[in-house]
Every structure is written in structure tokens, then in C-alpha cells.
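So the structure is just underneath, and the comments pick up after that.
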Amino acid sequence: MTTRLVGPFNRVEGDLEVRLETEGGQVKAAYVNSPLYRGFEPMLSGKAPGDALVIVPRICGICSVAQSAASASALRALSGLALPDNGRLAHNLVSACENLADHLSHFYLFFMPDFARDGYTGRPWFERVAKRFKASSGSATADVLPARAEFMHLMGLMAGKWPHTLSLQPGGTARPLEQAECLQLTALLRAFRRFLERHVFDDSLESVGGLASLSDLAAWRQNRHGDLALFLEAAEDLGLDRIGRATDVFLSYGAYEEAHGHLFASGLWRAAQGHPLEPDAIVEDLSHAWLAGDTSSPAQGQTLPLADKPEAYTWCKAPRYNGGVAETGALARQMVAGHPLIRELVKTHGGSVTARVLARLLELALVLPRMEAWARQLEPKAPWCHHGDLPDDASGTGLVEAARGSLGHWLTVKHGRIANYQIIAPTTWNFSPRDEQGTPGALEQALAGLPAPEAEEPPLLVQHVVRSFDPCMVCTVH
Amino acid sequence: MPELNLLWLQSGGCGGCTLSLLNAEQPALMDRLADASIRLLWHPSLSEASGNEALEILRACAEGRQRLDILCLEGSVMTGPSGTGRFHMLAGTGRPMMAWVEELAAKAAHVLAVGTCAAYGGITSAGITGPSVGATGLQFHGEHPGGLLPASFRAGAGLPVVNVAGCPTHPGWVLDTLLALSMRRLTEDDLDALHRPRFYADHLVHHGCPRNEFYEFKASAEKASDLGCMMENMGCKGTQAHADCNTRLWNGSGSCLRGGYACISCTEPRFEEPGHPFTETPKVAGIPIGLPSDMPKAWFVALAALSKSATPKRVRENATSDHVVVTPAVKKTGLK
Ligand code: SF4
Ligand code: SF4
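As you go down the protein sequences, you meet chains A and B in turn. Residue 1 is where the first sequence starts when you use this note's numbering, and the numbers rise one by one after that. Residue 1001 is where the second sequence starts when you use this note's numbering, and the numbers rise one by one after that.
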């Protein structure tokens, strides 16, 4: 048995280290370490509840709006306010903008450059992939960065700035739009659609979103010149649709509230079946984290650093659902929501690198048309924000979907001040360490069994699997 | 211009300054770096090199085998617990990031603190209860000179740490600083007392704020989504915060004020602990205590009383509405 320490893993958000125990060039066991602790949860104690809206976005520069939305939603639960239609639509539009921009940066800047590594020289797709996706110099970067920046003008219009907006409020948005701004919004969504249809898909969003089976996908791929088709070609050659399986238990809190329910439903997918979401089934286990305390529900949880704790190997807690490990993210969201192509993919080979990446790109095709519809539903003269006082003693929960998956905030207010604030971020689920029973977290399971040849530093497949989860390490521990 | 190489590290921050950098426009990021003759040695989000390959670049710089022109740190330096730096060990090295940063800063020709975390400690040093995580800035701790590096520190080319403060920083602030460095147009005189580049820090957020007409008449917003001035009730520090946010806009057309919320002075040391709820204005006897820094209090009070009495109906009513409810009158005559 040999031990290899792999890190820093770059092109993920934040700092990540993975310890691999290998035997005969194969991963026997993986231990995931999130080596940065900043202490946002204790930082929030004693503050005025509304201050959370300033502080929590700064947990993470890549999904700061998701943190805002979770916090606003927890405060909304405290206050008993309901969102006016414009407020709900604005929350959806701002969240969707961040999520889609995230899917885009992940695919182009973080994930694809690994296929352009020298280790793949000679593969039939290598020349094309290297030209397009080589880190920072590939032609894709030059297409994607301006398109992404222009799409993010939505944030300038609806959120003031990104990252770290304060526009999302418990009762709606602090940024009402006028007629002229609604028109600008429509124009910029069209421009982004053009980019997606031209470069990512080489097809209309509707026809991509409508792919309903593996045979549909196989037929669709023929003679497509977009970046998705190129990914599918490389992924098939490398067998990535059979690599990187975790537990195949998928969690989603439900994404994008519409007038009746979520656009993507909430729930748990386990043993090939859907179940309704039970928030009370969630606990955090601290047995392998450098933190003091016992397993508890996040509503009661604590965050007390204990740097010398034996047995611990990360700052990350281990969230568990009914005692088990769950995976979250775009793949989980689409499994729970029931996208037929994604369900068939997972039914055939289980959750995989290909399935995770495809689910993310599918969301680009599925969500942008909804954004166009939400923008059309905005009514400038109707209310954008409801107002009300927060109670001095209460607790509330905010459960939202960030690009990377389920994000929950649990908040208790006493005597008008925050008494406890606990957060479970998507990567806390996916990159959790072992629990008291010794059960490894989702990524730890997905890495076991992979080839890790000595000559590859870091091992290529290990990198694809890690990045397929699109980890956000600053969120993980916060 | 000779090519300058750049090494970018992240520690106790959120990555937001990098993500903000990706929003650079006209031209986009890679072109702007090329135009400033900047070559990335390594950047955690943008470079190919991972694991040992990446560490080898860091080691070569630290050991002087590789020239290091610009070192950028994003995020605060994590010195806790109790000065050990264990709250952030650089992955794959078993060594605190704080030690890497100190060693690399000693070799660099220029050192940039990107964002308020790296400049002054920033949001990571907030918290009124609980144990400190020991977050500090590169060459300042809050407003006090001396952070990880002493106040006397000068990088190889002679400048102290350049504090491109902001939470996050505007991509333009970072890229203009890099361009100025590569054009050799950044001297100590171009930095303010807190070592921020003066090209953006000699402005106040208040300049160019679309709510200036409301400010003139002290027609104030009372709740989020109101159109009025946010100084009196909503905690806005735009009249004191050094930055050009309302003239160099964000994400095309935005700024905090344009987004409907107060400036929390994120370019200033200790913005993270204002001593009051962020979006409330502390007052004494009904008068905001944080008045514009260059205006005597008695004058302000007298002028405010006068202008309040002269507020036009249009400005007064719009101030507490979420839309323009009273529009500017259309003159009935053709005379201008
Ligand atoms: S300065 Fe603000 S935006 Fe930049 S890393 Fe720190 S918290 Fe994030
Ligand atoms: S307006 Fe104020 S809080 Fe907003 S980015 Fe500018 S300096 Fe920071």
C-alpha cells in the first residue's frame, strides 16, 4: 500500500487536498481534505439578523448569490413575509444568472482543460480539444469570457454588482426595474442564447433540452460541431460514462420557485425511486472533522475548531440524510426532477463523470428559456418587495439550490440577535469525510477503484472525477 | 514593455476577487493581461498545472530559480490558531500558506494585495464572539500598518504592498494596477495613505451616485427598494468610502447604490465591523454620526434643515417609492 498526497487541486474553487491509498496502481481508499477554515458560522453569532445578508455572500465568490438567497429565505421564514411576483421572478433571474454563468465557467475554464493535457496526445480528438480548451490559451476562453461577462450585465441591472450583492431581500428585491430595464434584460438574454446555440450546442436550446433518451443523444451528436459534442466524443473514448460513481443517492431542495411549485422539484432519489424531501432527516457528523462536538441536526449544530483532534483529517463536516451519504448538484437535481435522458444515463451505468457534466450543460439549455419567460412576466409597476419587522426570537431555515447543489442555512434569533447560524453547502455533502460508521463521503467513494498510475501526477482520471463534482472548497467549510 | 510574470495565490478569502476579474470587459481578461505584457506563471483558477507541477512553480520562485515579478495574494493571511497558520495549510505541502506567502513576498519585485481581505484582513476578520481565526492583511491589520509583513516592508522594486482593496475588487482596479506596473507608472506617490492606488481611491462612492438629487434635498429612503438617498437611514457610507463605483460601473451598468442598497465601504479597513447593523445609520439626537468627512457638522445640520424645507414634491414623494411616481413636469410652452 502506498500513500500519495495530491494537491493543490487547482481549477476548483478554493484549496483541496486528496490523500490516496493505492495498491497495484489502483486507488484503494481516498481521504478528502478541505484545508481552509475561516469560521463564518461563529462570526455570525451576536450580529443583527439582517447583517447575515452582508456576511454570507462573502463565504463564496463563485456562488455568492446562492448564499444570499438561502439567507434571505431563512430570514423570510422568520418574518413570515411572502414574495410578491416580481420579487420571486427577480430572485429566480438573479440566481439563474449566477448558476448558468457557473456551469459555463466550470465547463470551459475548470473541467475541459484536463483533456488538453499531454497525457492524451495521440487520441483521435486530442488536437481539436487542445486547440479549443488548452488552459487560458485555448480558443474557447476567448469566446466564453466576453459572453459570460455580457450575460452578467444582468447582475449590473438587477443586483447592482456581482459577486456580493445585497439586492436579494427577505421580502423581494431592493432593485425594482423600470420598463426600459426590462427591455435591456430581454436583449441580453437573447445575446446569451445566441452564444449558447452557436458555440456550446450547435443547435437550438429547445432541441437540446428535449433530448429524452440515450438513443436521442447518440443520433443528435452526429455531425454536431459544438463544444458539447466534442466533450461527448472524448468522454466516450475514455469511458467516462462508467467512471466516478458515488452512492447514486441524489438530493435536491428544489430549484426556482414558480407560481406553483419549483421548476426542478425537491426530493431524494434512492434505490431508483423518488421520495419527498424530509429536512429533519439531515444531520451533521463531526467524527472526522477538526471540530468539537457530536452529531446533531444543523438547527442545533455547533462549529468549534479543534485543530489537534485525533482521527480528524479535514475541516469539513459530514452531512448525512437518514444516516446515509447523498450526492448533490446538477445531476442530482435532474435525477430528482426526472429528466428522462439523465435518468436513463444513470440507470444504465450509475452516476458518472459524463452524467454530471451533461446534466450541467442540459441546465443551460433548460433554464435560459425559462429566464426569458420570467423576464416577460415582470410587471414594472407592480410591487417588487414586501417589508416587515423581524421577530426578536424565532428560528428559520432557507433551503435553495446553488449551481453545485443543495445549500441550506439554519438560523436561530434570540433577543433580536443571531444566536446560532449553521450552513450546509453542496460541497460539504459531496466532499464530506468519513462518518462515525467509517462510511466515506460521496467523492471518497467515487474515487475508490480508479487507476492511479505512478507516472501520472496528478492521476488523470482522479482529476476528471474530482472536477466533475465542480467542488467549491471555500463553501465546504466556510 | 518587458514581459512581467505573475503568480497568484489565494488564502483566507472567498475567491470573489478572481471571479470578479473574469468580468473584465473591453477587452476581456486574457487580452487585457496580454496588453499589459503579463504572463501568468500560475493562477489557481486559470492555469493547467495542478498538484506537484504547480508546487514546483512555487518552489522555483521561493528558491530564486524562477524570477518573480508580481505576487498577488487574494484572501486574508490566516495566522490562527494561535499564530500557527494551521487554519490554512497549502494543500499538498503540509505547510501553512502564511509561511509560503512570507517567503514568496521576499522574492517578488511587486506584491499586490487583491481585495480587502488581503489588504486589511477583511470579512474573515469579522466576528464579535468566538475565538479569532487570526485573519490579517499582508501589510496592514485593519487600518494599522503591519500585518503579516512589517510596515517597513518594500518589495524588490521598491514599493510597499499595493492594496487593491474592495470586496470584491473591481476588475478594472486590478487590471489598471497591473498595466500601471508594467508601464512603470506606479510610484509610492500614486498610492494613498492606506496604500490603495489613487486612480480609484481618490474618488468617493458618492461621486456620480444616481441618488445625488435626493441627497441634495435630504430626501431619504426608508426601506430597501425606495429610491431616495440612503445616507440618513440605510447606513450608506458613500460620502466617506474611497472608490469610483458610481463612475466606473460594475457588470455593465451597476453599483451598490444602483442595485438599491447602501455602500458598506468595502474598500475601507474594518468595513466588516461597522459597530452597528450594516444597513442602519447610527444617529445621535436624530443626526447621523458618520457625516461626510470633509464637512463641519454644524453646517451640515443647517444645510440639511434648509434643503429639507425646500424639497420639491417630486423628489420627496419619489424618495420613499420604488418607482418614479411623480415625473418631471413637461413645460407647456415651447420656450427653453
Ligand atoms: S475581499 Fe471580499 S471578495 Fe475578495 S476574497 Fe475577500 S471576501 Fe472575497
Ligand atoms: S459602493 Fe461601496 S460597498 Fe459597494 S462596491 Fe463600492 S465601495 Fe464597496
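Ideal Cβ placement from N, Cα and C applies to all residues, glycine included.
Residue 194 of chain A, DSSP secondary structure in three states: Within the first sequence, numbered from 1, the residue matching residue 194 of chain A stands at position 194. Residue 194 of chain A: helix per DSSP, three-state reduction.
Under 7 Å from the C-beta of residue 175 of chain A: neighbouring residues of chain B: Here residue 175 of chain A is taken as the residue at index 175 of the first sequence, counted from 1. Near residue 175 of chain A (Cβ distances below 7 Å), the residues of chain B are 1259 and 1260.
Spatial neighbours of residue 110 of chain A in its chain, beta-carbon cut-off 8 Å, leaving aside the 5 residues before and after: Against the first sequence, residue 110 of chain A aligns to sequence position 110. These residues qualify, in order along the chain: 11, 12, 467 and 470.
Residue 317 of chain A versus residue 426 of chain A - alpha carbon distance: In the first sequence, residue 317 of chain A corresponds to position 317, counting from 1. In the first sequence, residue 426 of chain A corresponds to position 426, counting from 1. Cα to Cα, the separation comes out at about 12 Å.
Counterpart residues of residue 250 of chain A in DSSP-defined beta bridges: One-based indexing of the first sequence puts residue 250 of chain A at position 250. Beta-bridge pairing links residue 250 of chain A to A:269 and A:327.
Identified DSSP bridge partners for residue 472 of chain A: If you number the first sequence from 1, residue 472 of chain A lands on position 472. In the DSSP output, where bridge partners are listed per residue, residue 472 of chain A has A:13.
Residue 328 of chain A versus residue 421 of chain A: straight-line alpha-carbon distance, rounded: As a first step, residue 328 of chain A must be located in the first sequence, where it is residue number 328. As a first step, residue 421 of chain A must be located in the first sequence, where it is residue number 421. Near 22 Å, if we compare the C-alpha coordinates of residue 421 of chain A and residue 328 of chain A.
Length-filtered (4 minimum) alpha helix (DSSP H) runs lying within the region 432-456 of chain A: 442-447
Interface flag, residue 1183 of chain B vs chain A, CB-CB below 8 Å: As a first step, residue 1183 of chain B is located in the second sequence; it is residue number 183 there, counting from the start. Not closer than 8 Å to any Cβ of chain A, the Cβ of residue 1183 of chain B fails to qualify, so no.
Beta carbon shell of ligand 2 at less than 5 Å from a heavy atom: B:1205, B:1241, B:1243, B:1245, B:1256, B:1263, B:1264, B:1266 and B:1267
One or two residues paired with residue 296 of chain A in a DSSP bridge: Within the first sequence, residue 296 of chain A is the residue found at index 296, counting from 1. A:284.
Exposure label - residue 121 of chain A; buried when at least 16 CB within 10 Å: Residue 121 of chain A sits at position 121 when you count from the first residue of the first sequence. Exposed: under 16 other Cβ atoms inside 10 Å.
Neighbour flag for residue 31 of chain A against chain B, beta carbons, 8 Å: Looking up residue 31 of chain A in the first sequence gives position 31. Cβ-Cβ to chain B under 8 Å: no for residue 31 of chain A.
Extent of the continuous alpha helix (DSSP H) run through residue 1017 of chain B: Against the second sequence, residue 1017 of chain B aligns to sequence position 17. 1016-1021 is the extent of the alpha helix (DSSP H) around residue 1017 of chain B.
Beta carbon proximity, residue 1087 of chain B to chain A, threshold 8 Å: Residue 1087 of chain B sits at position 87 when you count from the first residue of the second sequence. Chain A, which has a Cβ nearer than 8 Å to the Cβ of residue 1087 of chain B, makes this yes.
Residue 382 of chain A vs residue 92 of chain A beta-carbon contact at 8 Å: Position 382 of the first sequence holds residue 382 of chain A. Position 92 of the first sequence holds residue 92 of chain A. It is not a contact, given that the beta carbons lie outside the stated cut-off.
Below-8 Å beta-carbon distance, residue 167 of chain A vs any chain B residue: For the purposes of this step, residue 167 of chain A is taken as residue 167 along the first sequence, with counting starting at 1. By this cut-off, residue 167 of chain A is an interface position.
Neighbour-count burial assignment, residue 1352 of chain B, 16 or more Cβ in a 10 Å radius: In this structure chain B extends from 1001 to 1336, so residue 1352 of chain B is not present and cannot be described.
DSSP state of residue 401 of chain A mapped onto helix, strand, coil: Indexing the first sequence from 1 puts residue 401 of chain A at position 401. Strand, per DSSP.
Where residue 1323 of chain B meets chain A, residues with beta-carbon distance less than 8 Å: Taking the first residue of the second sequence as position 1, residue 1323 of chain B is located at position 323. Within chain A, the residues near residue 1323 of chain B are 176, 178, 380 and 381.
Cβ neighbour criterion (16 or more within 10 Å) applied to residue 1036 of chain B: Counted from its first residue, the second sequence places residue 1036 of chain B at position 36. Buried, since its Cβ has 16 or more Cβ neighbours within 10 Å.
Whole-Å CB distance - residue 64 of chain A paired with residue 163 of chain A, under 8 Å assumed: Locating residue 64 of chain A in the first sequence gives position 64, counting from the first residue. Locating residue 163 of chain A in the first sequence gives position 163, counting from the first residue. Between residue 163 of chain A and residue 64 of chain A the Cβ distance is about 4 Å, and since that is below 8 Å, they are a contact.
Residue 1282 of chain B to residue 314 of chain A span [Cα, whole Å]: Here residue 1282 of chain B refers to the residue found at position 282 when the second sequence is read from its first residue. Here residue 314 of chain A refers to the residue found at position 314 when the first sequence is read from its first residue. In a straight line, the C-alpha of residue 1282 of chain B is about 41 Å away from that of residue 314 of chain A.
Same chain, Cβ closer than 6 Å to residue 1039 of chain B, five either side skipped, listed in chain order: Here residue 1039 of chain B corresponds to residue number 39 of the second sequence, with the count starting at 1. Excluding sequence neighbours, residue 1039 of chain B sits near 1003 and 1005.
Cβ-Cβ distance between residue 1115 of chain B and residue 1017 of chain B below 8 Å: Position 115 of the second sequence, counted from the start, is the residue given in the question as residue 1115 of chain B. Position 17 of the second sequence, counted from the start, is the residue given in the question as residue 1017 of chain B. Yes, Cβ-Cβ distance for residue 1115 of chain B and residue 1017 of chain B is below 8 Å.
Selected residue, minimal CA-CA separation from residue 1295 of chain B, among B:1113, B:1239 and B:1162: The count along the second sequence starts at 1 and reaches residue 1295 of chain B at position 295. Ranking the options by Cα distance to residue 1295 of chain B, first place goes to B:1239.
Chain-ordered residues of the region 1062-1073 of chain B with a beta carbon less than 7 Å from chain A: none
Where residue 363 of chain A sits in the DSSP three-state scheme: Position 363 of the first sequence holds residue 363 of chain A. Three-state result, residue 363 of chain A: helix.
Collapsed DSSP secondary structure at residue 1278 of chain B in the structure displayed: The residue you call residue 1278 of chain B lines up with position 278 of the second sequence. Here residue 1278 of chain B sits in coil by DSSP.
Cβ-Cβ separation, residue 18 of chain A to residue 7 of chain A (assumed contact under 8 Å), whole Å: The residue labelled residue 7 of chain A in the question sits at position 7 within the first sequence. The residue labelled residue 18 of chain A in the question sits at position 18 within the first sequence. Correct: roughly 7 Å between the Cβ atoms.
Member of B:1172, B:1011 and B:1314 whose CA lies at the smallest distance from the CA of residue 1326 of chain B: The residue given as residue 1326 of chain B occupies position 326 in the second sequence. It is B:1314.
Close-in-space but distant-in-sequence residues of the same chain around residue 186 of chain A (CB under 6 Å, 5 per side omitted): Position 186 of the first sequence, counting from 1, holds the residue named residue 186 of chain A. Same-chain partners within the cutoff: 375.
Nearest neighbour of residue 1162 of chain B, chosen from B:1142, B:1171 and B:1187 [CA to CA]: Walking along the second sequence from the start, residue 1162 of chain B turns up at place 162. With distances taken between Cα atoms, residue 1162 of chain B lies closest to B:1187.
Local Cβ density within 10 Å of residue 59 of chain A, reported as buried at 16 or more and exposed below that: As a working mapping, residue 59 of chain A is identified with position 59 in the first sequence. By the neighbour-count rule (16 or more Cβ atoms within 10 Å), residue 59 of chain A is buried.
Neighbourhood of residue 1273 of chain B by C-beta, 6 Å cutoff - its chain only, sequence neighbours within 5 removed: The residue labelled residue 1273 of chain B in the question sits at position 273 within the second sequence. 1126.
Backbone secondary structure at residue 1222 of chain B - three-state DSSP: Taking the second sequence and counting its residues from 1, one reaches residue 1222 of chain B at position 222. In the structure shown, residue 1222 of chain B sits in coil (DSSP, three-state: anything other than H, G, I, E or B).
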